[in-house]
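Scroll down for the structure; my scribbles are underneath it.
Number of protein chains: 2
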Amino acid sequence: MIHYSRDNMAELLRTHDINPTHQRIEIAYALFSRHEHLSADQVMTIVNDRHAETSKATVYNTLNLFLEKGLIREVIVDPSKVFYDPNTGPHHHLYEVDSGRLTDIAADDVRIEGLPALPKGMETVGIDLIVRVKRTA
Amino acid sequence: MIHYSRDNMAELLRTHDINPTHQRIEIAYALFSRHEHLSADQVMTIVNDRHAETSKATVYNTLNLFLEKGLIREVIVDPSKVFYDPNTGPHHHLYEVDSGRLTDIAADDVRIEGLPALPKGMETVGIDLIVRVKRTA
DNA sequence: TCTAGGATTTGGACTCTGTCTAACTCTACG
DNA sequence: CGTAGAGTTAGACAGAGTCCAAATCCTAGA
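Those protein sequences? They're chains A and B, same order as listed.
In terms of the working numbering, the first sequence opens at residue 1 and continues consecutively.
In terms of the working numbering, the second sequence opens at residue 138 and continues consecutively.
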């Protein structure tokens, strides 16, 4: 198990062709040191909690940059906001609708079979499997 | 194949415990007569196109009411808006990321196997499978 | 028919997420 | 040092969706 440090983050950013600035390192660290799914808003709170200031614009810019560069993944389960997932490997999601808690489901044992052929001229970008659960009444 | 009329809609609403008002009938008709996935915005445009006026608040109220009553389903694929799906039977979705087009995948032949057991005290609300595709470059 | 009261609808203000822009800062390099 | 280009910033803005108090629409009963 790797221990994530801010230095690691600089490395990580460089390997993804991203110029490691202070803000970018802090944001990457926020995402990777926890293994959680965070919203832009949560990222901003975390980052501004310890280290000085990072603006909203930068948080969004940076998250979108990370996204483009394939460093993180977007998870769309909540109609009101996007979550960002530092785990880009294949896996699925469990979404607790009451609490908004989002957790991973390992892809290892899950098989999805029988999907129809794609329409001509189309290629798959990704397959999202979301299991929505709630507390039993 | 059923032909959807406004009268049918009144029936349909009643069977779902919804008091059929003018606005509700128009909104239901918009959704069920096309078999499409519509955003709240699109519903409003369609409804206000022919018949007089329905306010934004009513459109949202009504869609949420339909949702609660299990008349329609919510499809969350686009970070910026929710789609409403008149088809509540089991099926999956194909989402074209460039164009925003959303189409159904019949559930008949699709098998999802090996999902881990749910955490204790949780029950499944639904399983969403979304295949994201794009036009091949 | 008339009317009271609950259900429904409405406009408009408001919130929240996310984007845009133009100015500002930083840094690397000559 | 001085400057160009990348990065950051505040704040204005846009769009989806919610909220609320007031207006309107039924409908049952007199």
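In this text, a Cβ means the ideal position worked out from N, Cα and C, and glycines have one as well.
Chain-ordered neighbours of residue i on chain A, where CB pairs are closer than 9 Å
i: Leu-252/B; result: His-92, Ile-105, Asp-109, Val-110, Leu-129 and Val-131
i: Arg-272/B; result: Gly-121, Met-122 and Glu-123
Residue i to residue j span [Cα, whole Å]
i: His-16/A; j: Arg-34/A; result: 20 Å
i: His-91/A; j: Ala-106/A; result: 5 Å
i: Ile-72/A; j: Phe-66/A; result: 6 Å
i: His-3/A; j: Ala-10/A; result: 14 Å
i: His-37/A; j: Thr-195/B; result: 34 Å
i: Pro-20/A; j: Ser-5/A; result: 14 Å
i: Ile-127/A; j: Ile-76/A; result: 12 Å
i: Lys-120/A; j: Asp-246/B; result: 20 Å
i: Val-180/B; j: Arg-187/B; result: 12 Å
i: Val-268/B; j: Leu-118/A; result: 10 Å
Residue i burial status per 10 Å Cβ neighbour count (16 or more: buried)
i: Leu-63/A; result: buried
i: Thr-191/B; result: buried
i: Glu-113/A; result: exposed
i: Arg-272/B; result: exposed
i: Leu-266/B; result: buried
Chain-ordered neighbours of residue i on chain B, where CB pairs are closer than 8 Å
i: Val-97/A; result: Val-262
i: Pro-86/A; result: By Cβ distance, chain B contributes nothing, its closest Cβ being about 18 Å from Pro-86/A, past 8 Å.
i: Val-59/A; result: By Cβ distance, chain B contributes nothing, its closest Cβ being about 15 Å from Val-59/A, past 8 Å.
i: Leu-43/A; result: This sequence places Val at residue 43/A; Leu is not what is there. Result: empty, since nearest Cβ-Cβ is about 15 Å, beyond 8 Å.
Contact belief for residue i with residue j at Cβ below 8 Å, rounded distance in angstroms
i: Ala-167/B; j: Val-184/B; result: 5 Å
i: Tyr-84/A; j: Glu-74/A; result: 6 Å
i: Thr-261/B; j: Val-133/A; result: 6 Å
i: Ile-25/A; j: Lys-69/A; result: About 14 Å separates the two Cβ atoms, so there is no contact after all.
i: Leu-94/A; j: Thr-88/A; result: Not really, about 18 Å apart at Cβ, beyond 8 Å.
Per-residue contacts from residue i into chain A (C-beta, under 7 Å)
i: Ile-183/B; result: Those within 7 Å of Ile-183/B in chain A number zero; the least Cβ separation is about 21 Å.
Residues that residue i bridges to, as DSSP identifies them
i: Arg-24/A; result: Arg-24/A is not bridged to any residue.
i: Lys-134/A; result: Glu-260/B
i: Arg-210/B; result: Asp-222/B
i: Asp-17/A; result: Partner(s): none; Asp-17/A has no beta bridge.
i: Arg-248/B; result: Glu-113/A
Proximal residues of chain A, C-beta to C-beta of residue i below 8 Å
i: Ile-213/B; result: Ile-76, Val-77, Asp-78 and Pro-79
Beta-carbon neighbours of residue i, restricted to chain B and to distances below 9 Å
i: Leu-118/A; result: Leu-231, Val-268 and Val-270
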